[in-house]
Amino acid sequence: MSLHDDLSRLAHEHEDLAEAIDEVLQPISALMDRMRWKGPHRDRVQAELGAMRRGTGTVSSSLRERAVLLRDAAAAVPRTLTPGIPQPLSPEDVLRGVLRQMSPVGPVVSDVLSRYGVL
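Numbering (numbering that gives the first Met the number 0) for the sequence shown: 0 to 118.
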């Protein structure tokens, strides 16, 4: 399985979790709308249910936002990036390798210097 597939699967799972949370909230929302109870703790019960609905709504929207980020990350990953299959070098990497080989200090020292941004 490629990185693209893994990220897409994670985005789909985040969407499924957000939908499941919303489905759990639907009966609670309907219950709050029909509530005609005039007991002594009515306001407290309504406040607690409202806080729970807001909290789970926040979690649901956060999961949806994270799913969008995962989908964007999956779209940015090249389709050929799979474990065990080497990725072709970009032109910048090829040029960097050639310059490292031509460096007067040698490729090993050049690698160390490039790691620290000197070359």
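C-beta atoms are modelled at their ideal positions from N, C-alpha and C, and glycine is treated no differently.
ask   = Apart from the five residues on each side of it in sequence, which residues of its chain come closer than 6 Å, Cβ to Cβ, to residue 66?
value = 10, 13 and 14
ask   = Between which two residues does the alpha helix (DSSP H) carrying residue 67 extend?
value = 41-75
inquiry  = Just to confirm before moving on: does the CB-CB distance between residue 57 and residue 24 stay below 8 Å?
reply    = no
Exposed unless 16 or more other CB atoms sit within 10 angstroms - verdict on residue 68 = exposed
ask   = Hey, residue 70 and residue 7 are a contact pair by Cβ (cut 8 Å); roughly how many whole angstroms apart?
value = 7 Å
message = Does residue 17 pass the burial test, meaning 16 or more other C-beta atoms within 10 Å, or should it be called exposed?
response = buried
query = Given residue 59, which residues of its chain have a CB within under 6 Å of its CB, disregarding the five upstream and five downstream residues?
reply = 17, 20 and 21
request  = Would you kindly work out how many angstroms separate the C-alpha atoms of residue 4 and residue 73, rounded to a whole number?
outcome  = 7 Å
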